[in-house]
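**Q** Same order as they appear, the protein sequences are chains A and C.
Counting from 1, one number per residue, gives the positions in the first sequence under our numbering.
Counting from 1001, one number per residue, gives the positions in the second sequence under our numbering.
C-beta atoms are modelled at their ideal positions from N, C-alpha and C, and glycine is treated no differently.
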Amino acid sequence: MYDRKKLAGIAAQGKQWAAETLEPALKRSPERRKRFSTVSDEEIGILYTPEALSDLDYGEDLGYPGRYPFTRGVQPSMYRGRLWTMRQFAGFGSAEDTNARFKFLLSQGQTGLSTAFHFPTLMGYDSDSPRAKGEVGMCGVAVDSLKDMEILFDGIPLDQVTTSMTINGPAAMVFAMYLAVAEKQGIPFHKVGGTIQNDILKEYIAQHSWIFPPEPSMRIITDILAYCADNVPKWNTISISGYHIREAGSTAVQELAFTIADGIAYVQAGIDAGIPVDKFAPRLSYFFNAHIDFFEEIAKYRAARRMWARIMRERFHAKDENSWKLRFHTQTAGCTLTAQQPMNNVVRVALQALSAVLGGTQSLHTNSMDETLALPTEQAVTVALRTQQILAEESGVANTIDPLGGSFFVERLTNEMEEKAMEYIRKIDDMGGMVAAIKRGYPQREVADAAFRYQRQVDAGEKRIVGVNAYRSAEESPIPLLKIDPEVEKRQVARTAEVRRKRDAKKAKRCISALKEGSLDPKVNLMPLLLDAARSYVTLGEMCDALRETMGVYTDPAMF
Amino acid sequence: MATAKGRTPAAAKEKKSGRKVRILVGKPGLDGHDRGAKIIARALRDAGIEVIYTGLHQTPEMIVNAAAQEDVDGIGLSILSGAHNYLFPRVVELLREKKMRDVVLFGGGIIPDDDIPKLVKKGVDRVFTPGTPIQEIVDYVNRRIQPRK
């Protein structure tokens, strides 16, 4: 991109600057630290010049938005055409409670729904399971059957709003219930848009809400890919996630590498299941963390887009350009929030949201200030939503596409992240792919090691966190916190018991048998069977128990 | 922190009683967030304490049974799911049933300050909240927990 002769001149000037201007200044006043590094501990230089980009080719490496390699953005007009979707993750208590919160958020200007389920649902148990005791409605909404789903989306037209559902182990079951609600609303499946997270590989690595072992889980996922390609074409079948891997303590490069490696595994699985790549790849989506080191995050998103485009075109030979596009949702980093001086979290979230926007995200969730202690109150989540709205309406950052493109620092960082992430991906390929790598505990160990290293740095004061190991307050002013009514559990248990009483028992039993039988035949797509079960008010726990029998269960290897 | 003879507190205790302090680090309930639990397990092990990590998705029964089998001196529970008001007291109840009242129960996670006094009253010795330096937890274990025999 730069003239070789001019670069030599710049380099010479740089050497002169270092010796004649910088050196003496540092002698008078040394740098604040021995080493400047990102939160991921990547060293950062004092200054970046065109020298840092001597090999950069605008056409090949950056290009134009909406065109390969999409470094500057996946859509041609990006935010000038349409702002990112403001999609706040929400869910607590009963379906009624969450339906009310959904409606509140929509009334405050959010433009998409995102559902948080409680732990029993995430793990494929009903609220009356002994495993669910004490957990009902605590960190998400209780969904045991279609009845809860109907209440959850009551008054919300599913052809006019898109919904993301954070569900993995039982993703297919919950998705079936969602489709059954759309059906009851009279909406044809081809009009239904949204996302299921459905990224089981990162569950083994980081989030840990699995049910079945890897192979049967991948079968369920390829069933979903095939089913949606033919029946629910607007649906994002997987939200290939780095968010949780990062929350578990990985570095930014690991987040990028392991997430893309997971994506590679899903594409390969789809191909191996006989689905032509261009039939399912356009509906794969991604989900990244917006952590606290501002420029590292922006570089990460840009590197991700370019990496995926290259992988899809060159490695998987996808022909449809929509298969090359990495579309992603972002959530600001929960792990960076502090319980101390919680109002500081508003500032952290604002910076993180800004990095996601400058990084070209398609969808964004901003955390609430109180989330280190509880689920968000209405007041706190409103501030979080307003943060996005202020960014969109007041800051001017959405006026032009990829405003940091061309920055010597950001482009250099983007290149470095791609290089380092590709090293990890090659390593994982050598192991036989992500499923094999997970079986030997490789990504899990990398994440745990990075988490431990970081904690050591924090405890040693090398990484400073305002309010925690720097600028502490002698006294903390408490903020109001959301409390979940313990009666929720009783009422939910009663509701699910009533659902079982009122349904056609024979039909439900038939559906469960059909599900078990179908699961034993790899040629059978489980989605239609799950839909039948959902319609017949078979509960989530019953669907999952049926498949636990035939597919087995996965248990934590418990390494530390 | 070492004694005058240069030994860690854990090593000094081991010399005195003939065995290391044994701690079970547990993840009760359905909560899958184990970043903290793993860090604490590692830090305690590095400090010379014998650590048994249960892994995820343990019922209170599984935890107490493992504690009994492994003959531990203390149990550290990590709970980020909001289910602490049920899970901690249930573990206390089971420890009492099994006549293991001298096993010290502690823990941490996402636990609002308001809930802590109730947990302590029900038998939890100490609750650590977000932002606690790891050394504080290690020091607590060294100070508070002795080998039972």
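In chain C, which residues lie with their C-beta within 8 Å of the C-beta of A/ASP219?
**A** On the first sequence, position 219 is the one that residue 219 of chain A refers to. For clarity, residue 219 of chain A is Arg in the given sequence; the question names Asp instead. What A/ARG219 touches in chain C: nothing, since even the nearest Cβ is about 22 Å away.
**Q** Taking Cβ to Cβ, would you say A/ALA353 is nearer than 8 Å to A/THR387?
**A** Locating residue 353 of chain A in the first sequence gives position 353, where the first residue counts as 1. Locating residue 387 of chain A in the first sequence gives position 387, where the first residue counts as 1. Their beta carbons are under 8 Å apart, which means A/ALA353 touches A/THR387 by this criterion.
**Q** Measure the Cβ-Cβ separation of A/PRO170 and A/ASP402 and say whether it is below 8 Å.
**A** Working through the first sequence from its first residue, we reach residue 170 of chain A at position 170. Working through the first sequence from its first residue, we reach residue 402 of chain A at position 402. It is not a contact, given that the beta carbons lie outside the stated cut-off.
**Q** Does DSSP put A/ALA248 in a helix, in a strand, or in coil?
**A** To locate residue 248 of chain A, count along the first sequence from 1; it is residue 248. If DSSP states are grouped into helix, strand and coil, A/ALA248 belongs with coil.
**Q** Whether or not the stretch 1054-1061 of chain C and the stretch 1084-1101 of chain C are in contact is what I'm after, with contact meaning three or more pairs of Cβ atoms, one per stretch, closer than 8 Å; do they touch?
**A** Output reads yes: the stretch 1054-1061 of chain C touches the stretch 1084-1101 of chain C.
**Q** Find the nearest neighbour of A/VAL136 within the set A/ILE167, A/SER94 and A/GLN108, judged by alpha-carbon distance.
**A** The residue labelled residue 136 of chain A in the question sits at position 136 within the first sequence. Closest by alpha carbon: A/SER94.
**Q** Quick one: what does DSSP say A/THR332 is sitting in, helix, strand or coil?
**A** The sequence position of residue 332 of chain A within the first sequence is 332, counting from 1. A/THR332 falls in the strand class under three-state DSSP.
**Q** Would you say the stretch 1011-1022 of chain C touches the stretch 195-213 of chain A, given that touching needs at least three Cβ pairs under 8 Å?
**A** Touching, no, given that fewer than three Cβ pairs across the two stretches are closer than 8 Å.
**Q** Report the three-state DSSP secondary structure of A/HIS365 (helix, strand or coil).
**A** The sequence position of residue 365 of chain A within the first sequence is 365, counting from 1. Correct three-state label for A/HIS365: strand.
**Q** Do A/HIS365 and A/THR336 come within 8 Å of each other at the CB atom, strictly closer than that value?
**A** To locate residue 336 of chain A, count along the first sequence from 1; it is residue 336. To locate residue 365 of chain A, count along the first sequence from 1; it is residue 365. Against a cut-off of 8 Å, the Cβ pair of A/HIS365 and A/THR336 comes out as no contact.
**Q** If you follow the alpha helix (DSSP H) that A/THR121 is in, where does it begin and where does it stop?
**A** Locating residue 121 of chain A in the first sequence gives position 121, where the first residue counts as 1. 119-122 is the extent of the alpha helix (DSSP H) around A/THR121.
**Q** Below 7 Å on C-beta distance, what does A/GLN455 contact in chain C?
**A** The count along the first sequence starts at 1 and reaches residue 455 of chain A at position 455. Ordered by position in chain C, the residues that pass the 7 Å Cβ test against A/GLN455 are ILE1039 and ILE1134.
**Q** In the DSSP output, what is A/PHE287 paired with across the bridge?
**A** Taking the first sequence and counting its residues from 1, one reaches residue 287 of chain A at position 287. In DSSP, A/PHE287 forms a bridge with A/SER241 and A/HIS329.
**Q** For C/GLN1069, count neighbouring C-beta atoms within 10 Å of its own C-beta (all shown protein chains included) and say buried if the count is 16 or more, exposed if not.
**A** Residue 1069 of chain C sits at position 69 when you count from the first residue of the second sequence. C/GLN1069 should be labelled exposed.
**Q** Can you say whether A/ARG440 is buried or exposed, counting buried as having 16 or more other CB atoms within 10 angstroms of its CB?
**A** The sequence position of residue 440 of chain A within the first sequence is 440, counting from 1. It counts as exposed.
**Q** What whole-angstrom Cβ distance do A/MET312 and A/ALA269 have, given they're in contact under 8 Å?
**A** Translated into positions along the first sequence, residue 312 of chain A becomes position 312. Translated into positions along the first sequence, residue 269 of chain A becomes position 269. Actually they are not in contact, since the Cβ atoms of A/MET312 and A/ALA269 sit about 15 Å apart, beyond 8 Å.
**Q** Does chain A have any CB closer than 8 Å to the CB of C/ASN1142?
**A** On the second sequence, position 142 is the one that residue 1142 of chain C refers to. False, the Cβ-Cβ gap to chain A never drops below 8 Å.
**Q** Check whether the stretch 227-240 of chain A and the stretch 277-289 of chain A touch, using three or more Cβ-Cβ pairs below 8 Å as the test.
**A** Yes: at least three Cβ pairs fall under 8 Å.
**Q** Distance check for A/THR163 and A/GLN197, CA to CA, integer angstroms please.
**A** Here residue 197 of chain A corresponds to residue number 197 of the first sequence, with the count starting at 1. Here residue 163 of chain A corresponds to residue number 163 of the first sequence, with the count starting at 1. Whole-angstrom Cα-Cα distance: 11 Å.
**Q** By DSSP's criteria, C/TYR1053 is part of a beta bridge. Which residues make up the other side?
**A** The residue you call residue 1053 of chain C lines up with position 53 of the second sequence. C/TYR1053 pairs with C/VAL1025.
**Q** Decide if the stretch 1033-1044 of chain C is in contact with the stretch 447-456 of chain A; the criterion is three or more beta carbon pairs, one per stretch, under 8 Å apart.
**A** Yes, since at least three Cβ pairs between the stretch 1033-1044 of chain C and the stretch 447-456 of chain A fall closer than 8 Å, the two stretches touch.
**Q** Please report how far the alpha carbon of A/ASP55 lies from the alpha carbon of C/SER1078, in whole angstroms.
**A** Here residue 55 of chain A corresponds to residue number 55 of the first sequence, with the count starting at 1. Here residue 1078 of chain C corresponds to residue number 78 of the second sequence, with the count starting at 1. So the alpha carbons of these two residues sit roughly 49 Å apart.
**Q** Going by DSSP, what residue range makes up the beta strand (DSSP E) through A/ALA116?
**A** Numbered from its first residue, the first sequence carries residue 116 of chain A at position 116. Where A/ALA116 is concerned, the enclosing beta strand (DSSP E) stretches over 113-116.
**Q** With the cut-off set at 8 Å, would you say A/ALA304 and A/LEU256 are in Cβ contact?
**A** Residue mapping note: residue 304 of chain A aligns to position 304 of the first sequence, counting from 1. Residue mapping note: residue 256 of chain A aligns to position 256 of the first sequence, counting from 1. It is a contact, given that the beta carbons lie within the stated cut-off.
**Q** Using a Cβ-Cβ distance cut-off of 8 Å, determine whether A/VAL381 contacts chain C.
**A** If you number the first sequence from 1, residue 381 of chain A lands on position 381. No, A/VAL381 lies away from the interface with chain C (no Cβ there is under 8 Å from its Cβ).
**Q** Tell me whether A/LEU47 is buried or exposed, calling it buried when 16 or more other Cβ atoms sit within 10 Å of its Cβ.
**A** Indexing the first sequence from 1 puts residue 47 of chain A at position 47. Result: exposed.
**Q** Taking the CB atoms as reference points, tell me whether C/ALA1067 and C/VAL1051 lie closer together than 8 Å.
**A** Taking the second sequence and counting its residues from 1, the one referred to as residue 1067 of chain C is at position 67. Taking the second sequence and counting its residues from 1, the one referred to as residue 1051 of chain C is at position 51. Going by C-beta atoms, C/ALA1067 is not nearer than 8 Å to C/VAL1051.
**Q** Could you check the C-alpha separation between A/ALA333 and A/GLN379 for me, to the nearest Å?
**A** Looking up residue 333 of chain A in the first sequence gives position 333. Looking up residue 379 of chain A in the first sequence gives position 379. Rounded to whole angstroms, A/ALA333 to A/GLN379 spans 20 Å at the Cα level.
**Q** Just to confirm the assignment, what range does the alpha helix (DSSP H) spanning A/THR496 have?
**A** Taking the first residue of the first sequence as position 1, residue 496 of chain A is located at position 496. Run containing A/THR496: 487-502, per the alpha helix (DSSP H) assignment.
**Q** Whole-angstrom Cβ separation of A/TRP308 and A/ILE260, contact assumed at under 8 Å?
**A** Position 308 of the first sequence holds residue 308 of chain A. Position 260 of the first sequence holds residue 260 of chain A. That pair is a contact at about 6 Å.
**Q** List, from N- to C-terminal side, the alpha helix (DSSP H) runs of 4 residues or more that fit wholly inside the stretch 69-111 of chain A.
**A** If we require 4 residues or more, the alpha helix (DSSP H) runs fully inside the stretch 69-111 of chain A come out as 78-81 and 95-107.
**Q** My understanding is that A/PHE258 touches A/ILE205, with C-beta atoms under 8 Å, so please give their C-beta distance in whole angstroms.
**A** Residue 258 of chain A sits at position 258 when you count from the first residue of the first sequence. Residue 205 of chain A sits at position 205 when you count from the first residue of the first sequence. Contact flag correct, Cβ pair sits at about 6 Å.
**Q** I'd like to know whether the C-beta of A/LYS463 is nearer than 8 Å to at least one C-beta of chain C.
**A** Reading the first sequence from its first residue, position 463 is the one you call residue 463 of chain A. So, not an interface residue.
**Q** Could you tell me if A/ILE238 is buried or exposed, where buried requires 16 or more neighbouring beta carbons within 10 angstroms of its beta carbon?
**A** Locating residue 238 of chain A in the first sequence gives position 238, where the first residue counts as 1. Flag for A/ILE238 reads buried.
**Q** Kindly indicate which residue of C/LEU1044, C/VAL1025, C/SER1081 and C/GLY1076 has the alpha-carbon position closest to the one of A/LEU375.
**A** Start at 1 with the first residue of the first sequence, and residue 375 of chain A comes out as number 375. The shortest C-alpha separation from A/LEU375 is found at C/SER1081.
**Q** What residues from the stretch 1079-1098 of chain C come within 9 Å of chain A, judged by C-beta to C-beta, listed N to C?
**A** Cβ contacts with chain A come from LEU1080, SER1081, GLY1082, ALA1083, HIS1084, ASN1085, TYR1086, LEU1087 and ARG1090.
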